[in-house]
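Trainee: Here it is, the structure, as structure tokens.
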């Protein structure tokens with residue numbers, strides 16, 4: 048997705064190889080950056096670069112979400128911060144049961160960032176936006192002094208139109224089926240594999256991708272979707288804990304049923320991490336009515352989620368917690384992560 | 004070979020669990036020495052498969068937990084010096100010291116970096132000659148060889164900006180100390196497999212014989228632990244006390260001779276304080292005199308300042324296997340991973356963290 052050879056964005060004529068403070072100063076240099084880089088990459092009828100904001104038309108109920116993106120390193124196997132910035136917000140809209148329509152993007156650039164790096168990131172954003180069926184309609188650029196940022200921070204705000212009836216954790220009922228749309232932990236491990244000081248060889252690629260089409264397929268085919276959640280930071284375990292807490296009931300999930308790639312499981316064993324707490328950026332958890340469980344699975348597999356699986360069920364109302372049936376047959380609690388996972392000693 | 008899946012095979016696990024249940028006719032208390040084993044037991048809910056008469060008690064094998072408070076304080080002080088870059092294993096960052104944890108030091112401006120290997124810290128020293136790099140060298144026999152290698156490498160490279168804050172400890176002397184307590188209730192041990200990959204098995208037959216306790220060396224997968232328990236229970240029932248190696252895919256009788264030789268060259272065996280256990284005779288490693296210029300305390304003219312343990316924390320009893328974490332009055336109340344009173348609540352090998360994460364958290368809500 049971020050392969051520089053596939054870069055379709057025309058290289059702008061430019062005076063500077065690197066971002067300078069003036070690129071955020073509101074003057075000619077900033078104008079050139081907008082015209083030659085952002086406007087070309089994000090070209091669409093709705094894109095507005097001459098005005099303080101964009102005007103769009105949307106029908107019915109509208110979902111809104113916003114998210115800030117930082118990642119180190121900026122490029123990782125399978126994606127980069129640009130892909131993340133589009134997919135993250137698009138997927139949050141999808142989790143509201145909405146069809147993503149438009150994005151606004153704000154960039155905080157660090158002085159000294161190579162313009163070529165920004166071009167790659169912007170090209171990735173344009174590509175991810177095309178895949179997700181959204182247009183980037185307005186934005187903002189600021190430049191901070193060298194040493195005061197991590198290269199690029201991107202904030203995206205998304206608008207989407209709600210497809211079906213309202214969904215949310217409160218709609219989760221006893222017996223509802225819990226699905227996950229594919230193997231978990233690919234993104235987190237792919238990023239770790241290229242992080243300075245941790246580099247290890249793996250064929251693994253991040254799962255970062257828009258899931259809006261998969262969600263739309265479920266909703267449009269009449270699957271009774273109660274709630275959706277994307278297991279980003281904190282991974283699958285934290286997503287399930289949040290859902291159980293919101294639903295005010297316990298969930299039971301089977302460790303054996305949770306799809307985890309061998310590469311992810313092995314890397315986690317080595318680093319002392321638990322794959323259930325490792326971030327995904329192109330997966331989602333769906334809680335659906337019991338009668339629709341198998342159909343939901345079939346729909347997901349049809350739309351490209353080959354690794355989707357039914358992993359558990361919601362129980363009667365009561366203490367909200369997630370019970371994991373371990374693969375060896377015992378039961379334990381799956382808790383929220385406290386802080387970030389840190390690689391262990393031995 | 005596959006190193007994980009075969010050792011989590013459900014049918015095989017059920018079969019071994021059934022054999023343990025059949026063998027066990029009396030109450031026994033078996034201590035798993037290593038925090039890695041404790042976490043495996045909690046994570047896979049292995050204890051749920053065991054007969055009620057067989058009680059697992061959790062040992063002191065968490066290097067983070069037994070690192071003395073005074074050393075944590077020294078790491079904090081050093082990290083705040085403007086010329087110092089402190090390199091540490093990730094687990095150490097959240098352990099509360101007398102003035103806070105290393106994450107707090109970082110927030111105060113300290114240059115604290117997570118490394119996976121002491122050699123990475125040497126590399127930082129090589130690349131940043133203007134920085135005084137201190138490696139926070141904690142851990143058992145498992146990590147000591149890597150620290151020894153880092154110190155030897157620093158000497159070879161003639162680096163005058165690399166030192167180690169050494170708190171390496173040795174496990175078998177701590178097992179002896181626990182057994183020597185007049186009120187010891189330990190019937191048998193699961194010895195720490197990773198320690199034995201380096202040191203081999205030779206320390207254990209004497210301990211087994213002297214205290215008449217069976218010892219099984221195990222790995223960290225469910226089947227490893229169950230096979231070790233089967234050995235120990237079978238021996239206990241028969242009145243035997245020998246050493247068995249249930250981790251042969253990693254542990255050879257002689258251990259890793261190259262690693263042992265390196266440790267021997269760089270470190271001397273010394274009596275050392277273990278947090279929660281007190282001074283353990285021959286329980287630690289100190290840099291030999293010829294390597295003293297790589298000693299962080301000496302280089303930076305810092306003395307260890309004794310610090311009082313937090314009054315409410317009962318980590319010492321937990322580390323000795325005398326208190327199950329959930330029976331601690333502060334567990335899950337004053338003491339949580341977000342507000343830890345002691346190291347066992349935050350270390351990835353701490354017994355309190357294992358219970359909190361896999362058991363009690365959901366129940367207390």
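Chains as they are written, first to last, in the numbering used here: chain A, 48 to 393; chain B, 4 to 368. Ideal Cβ placement from N, Cα and C applies to all residues, glycine included.
(1) For chain A, find out if any of its Cβ atoms is closer than 9 Å to the Cβ of residue 368/B; answer yes or no.
(2) Using a beta-carbon distance cut-off of less than 7 Å, what residues from the stretch 4-30 of chain B approach chain A?
(3) Which first and last residues belong to the beta strand (DSSP E) in which residue 224/B is found?
(4) Report the rounded CA-to-CA distance for residue 131/A versus residue 237/A, giving the unit in angstroms.
(5) Compare the Cα-Cα distances from residue 238/B to each of 28/B, 252/B, 336/B, 165/B and report the closest residue.
(6) Since residue 91/B is in the alpha helix (DSSP H), which residue starts that stretch and which ends it?
(7) Report the residue from 353/A, 316/A, 346/A whose alpha carbon sits nearest the alpha carbon of residue 306/A.
(8) Quick one: which residues of the stretch 26-55 of chain B get their C-beta closer than 8 Å to a C-beta of chain A? List them in chain order.
(9) Quick one: what does DSSP say residue 352/B is sitting in, helix, strand or coil?
(10) Can you tell me whether residue 295/A is buried or exposed, with buried defined as 16 or more other CB within 10 angstroms of its CB?
(11) By the three-class DSSP mapping on this structure, what secondary structure does residue 311/B have?
(12) At the 9 Å Cβ level, is residue 119/B part of the contact set with chain A, yes or no?
(13) Who does residue 149/A pair with in a DSSP beta bridge?
(14) Using the DSSP secondary-structure output, state which residues sit across from residue 112/A in a beta bridge.
(15) For residue 223/A, count neighbouring Cβ atoms within 10 angstroms of its own Cβ and tell me buried if that reaches 16, exposed if not.
(16) Please determine, among 382/A, 376/A, 374/A, the residue with the shortest C-alpha to C-alpha distance to residue 367/A.
(17) Out of 62/B, 31/B, 280/B, point me to the one whose CA is closest to residue 55/B's CA.
(18) From residue 72/B to residue 139/B, what does the alpha carbon distance come to, in whole angstroms?
(19) For the stretch 321-343 of chain B, list every residue whose C-beta sits within 9 Å of some C-beta in chain A, in sequence order.
(20) Below 8 Å CB to CB, which residues in the same chain sit around residue 11/B once its five sequence neighbours on both sides are set aside?
(21) Do residue 302/B and residue 40/B have their CB atoms nearer than 9 Å?
(22) Can you tell me where the beta strand (DSSP E) holding residue 275/A begins and where it ends?
(23) Given residue 380/A, which residues of its chain have a CB within under 8 Å of its CB, disregarding the five upstream and five downstream residues?
(24) Could you check what DSSP says for residue 171/B in three-state terms: helix, strand or coil?
(25) When the Cβ atoms of the stretch 51-66 of chain B are set against those of the stretch 229-244 of chain B, are three or more pairs found closer than 8 Å?
(26) Please report the straight-line C-alpha distance between residue 137/A and residue 327/A, rounded to a whole angstrom.
(27) Please return the same chain residues whose Cβ sits closer than 8 Å to the Cβ of residue 364/B, not counting the five positions on each side in sequence.
(28) Taking the continuous alpha helix (DSSP H) assigned at residue 136/A, which residues delimit it?
(29) Going along chain A, which residues have a C-beta under 8 Å from residue 362/B?
(30) So residue 316/A contacts chain B; which residues on that side make the cut at Cβ distance below 8 Å?
(31) Using a C-beta cutoff of 9 Å, does residue 63/B count as contacting chain A?
(32) Going by the CB atoms, is the gap between residue 76/B and residue 101/B shorter than 9 Å?
(33) Mind pulling the chain A residues with CB within less than 7 Å of residue 85/B?
(34) Hey, residue 133/A and residue 150/A: beta-carbon distance below 9 Å or not?
(35) Cβ of residue 99/B less than 9 Å from any chain A Cβ?
(36) Check residue 358/B in the structure and name its three-state DSSP category.
Mentor: According to the structure shown:
(1) Any reading at residue 368/B is ruled out, since the residue's pLDDT is 29, under 50, leaving its predicted position unreliable.
(2) Against chain A - using a Cβ distance shorter than 7 Å - the residues of the stretch 4-30 of chain B are 7, 11, 13, 16, 17.
(3) No beta strand (DSSP E) contains residue 224/B, which DSSP labels as neither H nor E.
(4) So the alpha carbons of these two residues sit roughly 13 Å apart.
(5) Restricting attention to 28/B, 252/B, 336/B, 165/B, the CA atom closest to the CA of residue 238/B is found in 28/B.
(6) Not the alpha helix (DSSP H): residue 91/B falls in the beta strand (DSSP E), residues 87-91.
(7) Distance from the Cα of residue 306/A is smallest, within the candidate group 353/A, 316/A, 346/A, for 353/A.
(8) Within the stretch 26-55 of chain B, the qualifying residues are 39, 45, 46, 47, 48, 49, 50, 51, 52.
(9) If DSSP states are grouped into helix, strand and coil, residue 352/B belongs with coil.
(10) Classification for residue 295/A: exposed.
(11) Correct three-state label for residue 311/B: coil.
(12) True, the Cβ-Cβ gap to chain A drops below 9 Å.
(13) DSSP output for residue 149/A lists 182/A, 206/A as bridge partner(s).
(14) Per the DSSP secondary-structure output, residue 112/A pairs in a beta bridge with 205/A.
(15) Residue environment for residue 223/A: buried (at least 16 other C-beta atoms within 10 angstroms of its C-beta).
(16) When the alpha-carbon of residue 367/A is set against those of 382/A, 376/A, 374/A, the nearest one is in 382/A.
(17) The residue with the shortest Cα to Cα distance from residue 55/B is 31/B.
(18) The alpha-carbon atoms of residue 72/B and residue 139/B are separated by roughly 13 Å.
(19) Cβ contacts with chain A come from 339, 340, 341.
(20) Taken in chain order, the residues that qualify are 47, 224, 225, 226.
(21) No; because the gap between Cβ atoms is not below 9 Å, this pair is not in contact.
(22) Here the beta strand (DSSP E) through residue 275/A covers 272-276.
(23) Excluding residues within five positions, the ones whose Cβ falls inside 8 Å are 368, 369, 370, 371.
(24) It is a strand residue.
(25) Under the three-pair Cβ rule at 8 Å, the stretch 51-66 of chain B counts as touching the stretch 229-244 of chain B.
(26) About 14 Å.
(27) Caution is warranted here: a pLDDT of 47 is assigned to residue 364/B, below 50, making its placement in the model unreliable, and no coordinate value can be reported.
(28) Residues 128-142.
(29) Per Cβ cutoff of 8 Å: 379, 380.
(30) What residue 316/A touches in chain B: 6, 7.
(31) Not an interface residue.
(32) In this structure, residue 101/B places its C-beta atom within 9 Å of the C-beta atom of residue 76/B.
(33) Annotation: residue 85/B has no Cβ neighbours in chain A at a cutoff of 7 Å; minimum Cβ distance is about 17 Å.
(34) A contact, by the Cβ cut-off of 9 Å.
(35) With 9 Å as the cut-off, residue 99/B does not count as an interface residue toward chain A.
(36) Note: residue 358/B maps to helix in three-state DSSP.
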